[in-house]
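Residue numbers (this note's numbering): 1139 to 1598.
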């Protein structure tokens, strides 16, 4: 890696990776994305309240399935979450306007991270991606142009940013789309099983419902999804294919929004395409009064800072590659066991249904009784519980604590249920002979009380 002892002209070639990443470039894509991003995250916060999502997920339930290890966040469950999401809506607008940007984006990021960790019932990879993007945006000088912070003299105006501020978004998307494409190469997806099940439930959709039942449409979705996810980033990077790739992104994400109703994600994905267009092109289209970025003296780049940037960035992206691959460390089918499924870009690949109930035993008296999850959970929570072993384990701990508080000194909890994956016959998911209060959750090894796959489970 080269140590820069002399200032260099903007655009001057530097063969070192650190020099290339720290070279100043037009910041127009970053500024435009900040505006779009702020609008979308404000809509996410306000929309969650307006649609009743906050009420359904955080207010009505007695218990939410937080990520294991973050049970202390349960203190926030209840009407406090209205304030949390209301503040997110406000700070989202502040991000869009570039008003006290650092405070606003950091506040939103912390609140969104808390919300993400507080529940798994409505988990999807889009929420995880939004959390990652929020933390990335905390690092960005995204308020240095077209912002109230500049107008009020809070920060100095700049028409450039280091190249890494642009590249990091492309690298993150490369990981997301690549693993999303690879994950689709499994028999049930290639056979169209989940697509058939999903589209059958959408036959009454206005205009497109009957079309979704056509075999050729389903085949196009199956293989088009693989091709789009695998090729979209290379196609956006190449100038000749970029317009066609962007048009494909508009169609693909527009289709997903219309059919699957997945919130802001399709629009966020479209907004992220901004980073693949040259800064000058974005400037000419959206910031016509912005000064042209011409060769100018660039500040000296510190070898130490550049080195640490590369090290930390490299570690971050290595972790991002590890997470989608970690399921190979566990025994069994990841679609069945769920071990290593979250945070791995396995987006909309399978459908599961099932049922579970819990047998309680007073170990002191030998008395047994049954508990139905719906006595404590919402319908959506109960459905998710039946198909996710980690949630079954968490609910067992919840029941043990509940009955201990009622005077039972020593209780055992056994889960009895079955699951159907992609419409296949129901099979037991967990060993009903194991007292789940006696086992601990180990995130880095297979839980032996989870049957590793449907074919190797045994009936209760």
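Glycine included, C-beta positions come from ideal geometry on N, C-alpha and C.
Practice item. Could you tell me whether the Cβ atoms of residue 1195 and residue 1259 are closer together than 9 Å? Key: Looking up residue 1195 in the chain shown gives position 57. Looking up residue 1259 in the chain shown gives position 121. Yes.
**Study point:** Environment of residue 1399 [buried if 16+ CB atoms lie within 10 Å]
**Key:** Within the chain shown, numbered from 1, the residue matching residue 1399 stands at position 261. Looking at its Cβ environment, which holds fewer than 16 other Cβ atoms inside 10 Å, residue 1399 is exposed.
Review point. Helix, strand or coil: how does DSSP classify residue 1348 here?
Key: Taking the first residue of the chain shown as 1, we reach residue 1348 at position 210. It is helical.
Exercise for review: Can you tell me which of 1589, 1346, 1542, 1278 puts its alpha carbon nearest to the alpha carbon of residue 1469?
Suggested key: The residue you call residue 1469 lines up with position 331 of the chain shown. Of the listed residues, the one whose Cα sits closest to residue 1469 is 1589.
Practice item. Reducing DSSP to helix, strand and coil, say where residue 1182 ends up. Key: Start at 1 with the first residue of the chain shown, and residue 1182 comes out as number 44. Helix at residue 1182.
**Study point:** the segment 1229-1246 / the segment 1281-1293 touching (three or more Cβ pairs under 8 Å)
**Key:** yes
Check your understanding: Would the beta-carbon of residue 1359 fall within 9 Å of that of residue 1333?
Key -> Taking the chain shown and counting its residues from 1, one reaches residue 1359 at position 221. Taking the chain shown and counting its residues from 1, one reaches residue 1333 at position 195. In contact: residue 1359 and residue 1333 (Cβ atoms closer than 9 Å).
**Study point:** Where residue 1487 falls: helix, strand or coil (DSSP)
**Key:** On the chain shown, position 349 is the one that residue 1487 refers to. In the structure shown, residue 1487 sits in coil (DSSP, three-state: anything other than H, G, I, E or B).
Exercise for review: With a 10 Å radius around its C-beta and 16 neighbouring C-beta atoms as the bar for buried, classify residue 1519 as buried or exposed.
Suggested key: Taking the first residue of the chain shown as 1, we reach residue 1519 at position 381. So residue 1519 counts as buried.
Review point. Would a C-beta distance cut-off of 9 Å place residue 1176 and residue 1235 closer than the cut-off?
Key: As a first step, residue 1176 is located in the chain shown; it is residue number 38 there, counting from the start. As a first step, residue 1235 is located in the chain shown; it is residue number 97 there, counting from the start. Their beta carbons are under 9 Å apart, which means residue 1176 touches residue 1235 by this criterion.
Practice item. Taking only the alpha-carbon atoms, compute the straight-line gap between residue 1344 and residue 1577 and give it to the nearest angstrom. Key: Within the chain shown, numbered from 1, the residue matching residue 1344 stands at position 206. Within the chain shown, numbered from 1, the residue matching residue 1577 stands at position 439. Roughly 49 Å between the two C-alpha positions.
Review point. Under three-state DSSP, which class holds residue 1473?
Key: Numbered from its first residue, the chain shown carries residue 1473 at position 335. In the structure shown, residue 1473 sits in a helix (DSSP, three-state: H, G or I).
Check your understanding: Can you tell me whether residue 1517 is buried or exposed, with buried defined as 16 or more other CB within 10 angstroms of its CB?
Key -> Residue numbering aside, residue 1517 sits at position 379 when the chain shown is read from its first letter. The residue in question, residue 1517, is exposed, as its Cβ has fewer than 16 Cβ neighbours within 10 Å.
Exercise for review: Closer than 6 Å by C-beta to residue 1583: which residues in its own chain qualify, once you throw out the five before and the five after it? Chain order, please.
Suggested key: For the purposes of this step, residue 1583 is taken as the residue at position 445 of the chain shown. The answer is none, since no qualifying residue turns up.
Point to revise | DSSP beta-bridge partners of residue 1163 | key: For the purposes of this step, residue 1163 is identified with residue 25 of the chain shown, where counting begins at 1. DSSP output for residue 1163 lists 1299 as bridge partner(s).
Exercise for review: For residue 1563, count neighbouring C-beta atoms within 10 Å of its own C-beta (all shown protein chains included) and say buried if the count is 16 or more, exposed if not.
Suggested key: The sequence position of residue 1563 within the chain shown is 425, counting from 1. Its Cβ having fewer than 16 others within 10 Å, residue 1563 is exposed.
Check your understanding: If you run the structure through DSSP and keep just helix, strand and coil, what is residue 1148?
Key -> Residue mapping note: residue 1148 aligns to position 10 of the chain shown, counting from 1. No answer about residue 1148 holds up, because its pLDDT of 46 lies below 50 and its placement is not dependable.
Point to revise | Reference residue 1565, options 1492, 1541, 1497, closest by Cα | key: In the chain shown, the residue the question calls residue 1565 occupies position 427. Comparing Cα positions, the closest option is 1492.
Exercise for review: Can you give me the start and stop residues for the beta strand (DSSP E) that residue 1368 sits inside?
Suggested key: Within the chain shown, numbered from 1, the residue matching residue 1368 stands at position 230. Unbroken run through residue 1368 is the alpha helix (DSSP H), 1353-1375; no beta strand (DSSP E).
Practice item. Apply the 10 Å Cβ neighbour rule to residue 1460 and answer buried if 16 or more other Cβ atoms are within range, or exposed otherwise. Key: Locating residue 1460 in the chain shown gives position 322, counting from the first residue. Its Cβ having fewer than 16 others within 10 Å, residue 1460 is exposed.
Point to revise | Residues bridged to residue 1208 (per DSSP) | key: The sequence position of residue 1208 within the chain shown is 70, counting from 1. DSSP, once it has assigned bridges, lists no residue as partnering residue 1208.
Exercise for review: Compute the distance between the beta-carbons of residue 1575 and residue 1535, then report whether it is under 9 Å.
Suggested key: Taking the first residue of the chain shown as 1, we reach residue 1575 at position 437. Taking the first residue of the chain shown as 1, we reach residue 1535 at position 397. Yes, they are a contact pair.
Check your understanding: In whole angstroms, what separates the C-alpha of residue 1451 from that of residue 1524?
Key -> In the chain shown, residue 1451 corresponds to position 313, counting from 1. In the chain shown, residue 1524 corresponds to position 386, counting from 1. Cα to Cα, residue 1451 sits roughly 38 Å from residue 1524.
Exercise for review: Would you mind working out which of 1496, 1200, 1254, 1515 sits nearest residue 1506, comparing C-alpha positions?
Suggested key: Taking the chain shown and counting its residues from 1, one reaches residue 1506 at position 368. The shortest C-alpha separation from residue 1506 is found at 1496.
Check your understanding: Which term fits residue 1315, buried or exposed, when burial requires 16 or more other beta carbons within 10 angstroms of its beta carbon?
Key -> Start at 1 with the first residue of the chain shown, and residue 1315 comes out as number 177. With 16 or more Cβ atoms within 10 Å of its Cβ, residue 1315 is classed as buried.
Practice item. Confirm, please, whether the CB-CB distance from residue 1322 to residue 1367 is below 9 Å. Key: Here residue 1367 corresponds to residue number 229 of the chain shown, with the count starting at 1. Here residue 1322 corresponds to residue number 184 of the chain shown, with the count starting at 1. Yes.
Review point. What does residue 1601 pair with, by DSSP beta-bridge criteria?
Key: The requested residue 1601 does not occur in the structure, where the chain is confined to residues 1139 to 1598.
**Study point:** Straight-line Cα distance separating residue 1213 from residue 1485
**Key:** In the chain shown, residue 1485 corresponds to position 347, counting from 1. In the chain shown, residue 1213 corresponds to position 75, counting from 1. Each residue's Cα considered, the two are about 30 Å apart.
Check your understanding: Is DSSP giving residue 1438 helix, strand or coil here?
Key -> Against the chain shown, residue 1438 aligns to sequence position 300. With a pLDDT of only 42 at residue 1438, under 50, the local geometry of the prediction cannot be trusted, and no value is derived from it.
Review point. So, helix, strand or coil for residue 1583, using DSSP?
Key: By 1-based counting over the chain shown, the position of residue 1583 is 445. Of the three classes helix, strand and coil, the one that applies to residue 1583 here is coil, per DSSP.
Point to revise | Inter-residue spacing [alpha-carbon to alpha-carbon] between residue 1372 and residue 1512 | key: For this step, residue 1372 is matched to residue 234 along the chain shown. For this step, residue 1512 is matched to residue 374 along the chain shown. Those two C-alpha atoms are separated by around 47 Å.
Practice item. State buried or exposed for residue 1585, treating a residue as buried only when at least 16 other CB atoms are found within 10 Å of its CB. Key: As a first step, residue 1585 must be located in the chain shown, where it is residue number 447. The residue in question, residue 1585, is buried, as its Cβ has 16 or more Cβ neighbours within 10 Å.
Exercise for review: Give the single residue among 1295, 1183, 1201 whose Cα lies nearest to the Cα of residue 1265.
Suggested key: Here residue 1265 corresponds to residue number 127 of the chain shown, with the count starting at 1. Comparing Cα positions, the closest option is 1183.
Review point. Quick one: any contact between the segment 1415-1433 and the segment 1198-1214, if contact means 3 or more CB pairs under 8 Å?
Key: no
Point to revise | Integer-rounded CB distance, given that residue 1555 should sit under 8 Å from residue 1494 | key: Within the chain shown, the letter at position 356 stands for residue 1494. Within the chain shown, the letter at position 417 stands for residue 1555. That belief holds up - the Cβ atoms of residue 1494 and residue 1555 are roughly 3 Å apart, short of 8 Å.
Check your understanding: Do the CB positions of residue 1528 and residue 1552 come within less than 9 Å of each other?
Key -> As a first step, residue 1528 is located in the chain shown; it is residue number 390 there, counting from the start. As a first step, residue 1552 is located in the chain shown; it is residue number 414 there, counting from the start. Not in contact: residue 1528 and residue 1552 (Cβ atoms no closer than 9 Å).
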